[in-house]
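Working notes for the structure below.
2 protein chains.
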Amino acid sequence: MISSPDNQHLKTIRKLADRRWREKLDLFTAEGEDLVEAAERAGWEPEVLLVSGEDVDPPLLDEVSSLGSGTRVLGIYRRRFSGLGGELSLYLHGVHDPGNVGTVIRTAHALCDGPVTLGPECADPFSPKAVRASMGSIFARPPARAGFGELGGTRVALDSRASHPCGDVPRPAVLCLGGEREGLPDDVLANADVTARIPLREGGPESLNVAAAAAIGLYELRTCGARPTNAGAAPLRRMADRG
Amino acid sequence: MISSPDNQHLKTIRKLADRRWREKLDLFTAEGEDLVEAAERAGWEPEVLLVSGEDVDPPLLDEVSSLGSGTRVLGIYRRRFSGLGGELSLYLHGVHDPGNVGTVIRTAHALCDGPVTLGPECADPFSPKAVRASMGSIFARPPARAGFGELGGTRVALDSRASHPCGDVPRPAVLCLGGEREGLPDDVLANADVTARIPLREGGPESLNVAAAAAIGLYELRTCGARPTNAGAAPLRRMADRG
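Going down the list, the sequences are from chains A and B. Going by the working numbering, the first sequence opens with residue 1, and the numbers climb by one from there. Going by the working numbering, the second sequence opens with residue 244, and the numbers climb by one from there.
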């Protein structure tokens with residue numbers, strides 16, 4: 001039973017609160033039974049697993065926890081990334097909020113077969129907040145890393161200035177979203193195969209939260225169905241902006 | 244210029260970090276230029292408005308801020324609630340996370356004409372975190388407060404065990420969502436006019452984040468169009484679960 005705050009595992013866990021250390025050590029933490037079970041279901045072996053009261057003095061585990069008091073279990077895992085792929089997947093550019101990144105990873109796991117690809121300036125998907133927001137989908141479907149130029153298939157850029165909703169597009173397709181304020185950069189918009197918008201009410205907010213936009217965009221794309229890439233570009237379906 | 248931490252406004256702001264004080268004083272705070280401007284656009288007069296460096300010593304404003312250092316402006320506002328109504332609106336039951344409540348308020352403002360009605364056990368929509376997540380929609384569209392039994396129109400309960408997506412339902416319609424783990428309580432499900440699910444991939448997560456589910460549910464309902472209540476119950480449209 002670990003009873004000293006100077007224990008090597010506890011020191012590592014403290015370091016892993018910091019993105020630079022997660023990248024340097026190639027490790028991250030997941031806290032709580034739900035996440036540790038999600039890791040196990042997805043076949044991930046923890047590098048270290050600390051159960052409160054069995055492996056470690058409870059106050060010492062609480063002290064290194066990002067959740068605070070009452071943490072029952074904490075695992076250290078090695079980071080993994082997926083390759084690109086899937087008939088439908090997602091690309092994020094400049095999404096700074098780790099809660100949004102984690103929520104998008106969960107949503108993509110629920111709605112599409114490809115990974116969430118993280119482009120430049122995204123929050124770390126392995127931060128405690130992102131891992132928690134993913135509700136375990138980080139294990140079942142680790143994110144990919146790539147720039148926009150490496151994406152294949154039909155690249156659908158969500159942009160509030162576009163004139164159409166996503167409609168039906170040839171597969172494989174990648175839905176591309178930018179950060180809360182900036183949106184997607186001009187070079188991504190210029191090189192996308194389709195630009196599309198989510199129709200919003202007049203007089204309402206200018207934009208949706210990025211996780212809400214990702215959910216609607218994926219739902220729209222999968223509901224509209226798929227056609228193979230070699231069928232050529234599908235006409236965009238125009239939908240009335242009702243509500 | 245306020246230069247004492249014992250200033251009455253600063254004392255009030257400290258109290259308003261606490262839900263009980265917000266309810267007792269019927270006030271809440273909004274921080275940052277974006278939110279204060281959103282309040283102004285929506286015609287809200289602040290009870291107190293403190294601009295850093297003009298009305299208050301910057302370190303003193305930072306000390307009472309929920310954002311920490313660098314807060315430029317902080318307003319105290321009187322709470323407001325909307326009445327029920329709208330052709331399409333939302334009802335939340337037991338949504339504990341203030342970030343989700345705020346995000347749902349923003350999404351509803353973007354996608355439907357009615358308010359977000361808060362049922363039992365929801366996070367306070369006037370907490371700093373919820374106000375921030377609403378991105379100002381809390382001012383343009385304050386939430387309503389009511390129990391499920393007070394809702395009128397077609398009550399559409401989202402439930403992962405339901406067999407159909409929302410499809411087309413008679414208006415006015417209220418989309419009802421429960422909290423992350425518990426979902427909607429049995430009495431709500433039993434009394435709903437329609438139960439509907441969001442089709443998720445097999446093998447993926449059991450559920451979506453509540454803000455993602457609200458976004459998709461509202462999008463589905465408004466995209467499927469409206470028909471007047473007196474047309475009677477519309478048949479539920481069955482959609483293939485592709486993706």
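We put the CB at the ideal spot given by N, CA and C, even for glycine. As the structure is a computational prediction, the values presented were derived from the model and not from experiment.
Within the DSSP secondary-structure output, G446 (chain B) pairs in no beta bridge. Under a criterion of Cβ atoms nearer than 8 Å, no residue of chain B is adjacent to P125 (chain A); the nearest Cβ is some 15 Å distant. Its chain contains A144 as the residues whose beta carbon lies nearer than 7 Å to that of G83 (chain A), once the 5 sequence neighbours on both sides are disregarded; these appear in chain order. Taken in chain order, the complete alpha helix (DSSP H) segments of 4 or more residues contained in the stretch 112 to 175 of chain A are 128 to 134, 137 to 140. Neighbours of H109 (chain A) in chain B, taken as residues at a C-beta separation under 8 Å, are given in chain order as R444, G447, P448.
Per DSSP, A30 (chain A) lies in no alpha helix (DSSP H) segment; the continuous beta strand (DSSP E) that holds it begins and ends at 27 to 31. With a cut-off of 8 Å on Cβ pairs, the stretch 43 to 51 of chain A is not in contact with the stretch 88 to 99 of chain A, counting fewer than three such pairs. Annotated three-state conformation of T71 (chain A) is coil, per DSSP.
According to the DSSP secondary-structure assignment, Y91 (chain A) is paired through a beta bridge with A:T117, A:C176. When C-alpha distances from P142 (chain A) are compared across A:V131, A:P170, A:G149, A:G70, the shortest belongs to A:V131. N100 (chain A) is outside the set of residues whose beta carbon lies under 7 Å from a beta carbon in chain B.
A distance below 7 Å between beta-carbons, with the five flanking residues on each side excluded, links A405 (chain B) to the following residues of its chain, in chain order: T438, A439, R440. Taking a beta-carbon distance threshold of 7 Å, R22 (chain A) does not count as an interface residue toward chain B.
With respect to chain A, the C-beta atom of L394 (chain B) has no partner C-beta closer than 7 Å.
Of all residues in the stretch 298 to 322 of chain B, none comes within less than 8 Å of chain A when Cβ atoms are compared. Residues V291 of the same chain have their beta carbon placed closer than 6 Å to that of H252 (chain B), with the five preceding and five following residues left out of the count. Going by C-alpha positions, A456 (chain B) is about 32 Å away from E23 (chain A). With contacts defined by Cβ atoms closer than 7 Å, V316 (chain B) and I245 (chain B) do not form a contacting pair. In the three-state reduction of the DSSP assignment, R20 (chain A) falls in the helix class, which pools H, G and I. S380 (chain B) belongs to the set of residues whose beta carbon lies under 7 Å from a beta carbon in chain A.
In this chain, L327 (chain B) is not harboured by any beta strand (DSSP E), its DSSP state being neither H nor E. T438 (chain B) is bridged by DSSP to B:A400.
Close partners of T346 (chain B) in chain A (Cβ separation under 8 Å): N209, A211, A212.
In the three-state scheme derived from DSSP, where H, G and I count as helix and E and B as strand, L432 (chain B) is classed as helix. Judged by DSSP in its simplified three-state form, G426 (chain B) adopts strand.
In terms of Cβ geometry, S66 (chain A) and P128 (chain A) form a close pair [threshold 7 Å]. Rounded to whole angstroms, the Cβ separation of G328 (chain B) and G357 (chain B) is 6 Å, and the two are in contact under 8 Å.
For Y320 (chain B), DSSP records a beta bridge to B:F271. One thing to note: S380 (chain B) has its Cβ within 7 Å of the Cβ of H352 (chain B).
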